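Each number in the numbering used here comes from the position in the sequence shown (counting from 1) with 346 added on.
Each residue gets a CB set at the ideal place from its N, CA and C atoms; glycine is no exception.
Source: prediction; values computed, not measured.
Below is one structure, written out as structure tokens; the observations come after it.
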Amino acid sequence: MPRGQNLDRARQPREERARLLGVKLLGPGEAAQSFWVRGEKPVVEAFRRLSAEERGRVVKAGLEALGYLRGEERREP
347 MPRGQNLDRA RQPREERARL LGVKLLGPGE AAQSFWVRGE KPVVEAFRRL SAEERGRVVK
407 AGLEALGYLR GEERREP
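In structure tokens, the structure reads:
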């Protein structure tokens, strides 16, 4: 028997694996990506303490406030 042949039968459904890990599956139109954030230490630490959903809302609000979502892309020196 080839190695790993029984994995499909032994593996739990995605929803159950996510529940056991304490994570929420991505919804329609959502995406996730890991990246580094550089900034003042207290700001980065506060951002890190947020949940993934809260971080997404913070990023969206910041991009909207700076005009990046409307294509205005304001650059500050």
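Cα-Cα separation between residue i and residue j, rounded to whole angstroms
{"i": "E362", "j": "E376", "result": "20 Å"}
{"i": "A392", "j": "A407", "result": "16 Å"}
{"i": "L353", "j": "R360", "result": "13 Å"}
{"i": "R384", "j": "Q351", "result": "44 Å"}
{"i": "P388", "j": "Q379", "result": "23 Å"}
{"i": "V404", "j": "R349", "result": "45 Å"}
{"i": "R365", "j": "A398", "result": "15 Å"}
Three-state class that DSSP yields for residue i in the structure shown
{"i": "G350", "result": "coil"}
{"i": "V383", "result": "coil"}
{"i": "R401", "result": "helix"}
{"i": "R363", "result": "helix"}
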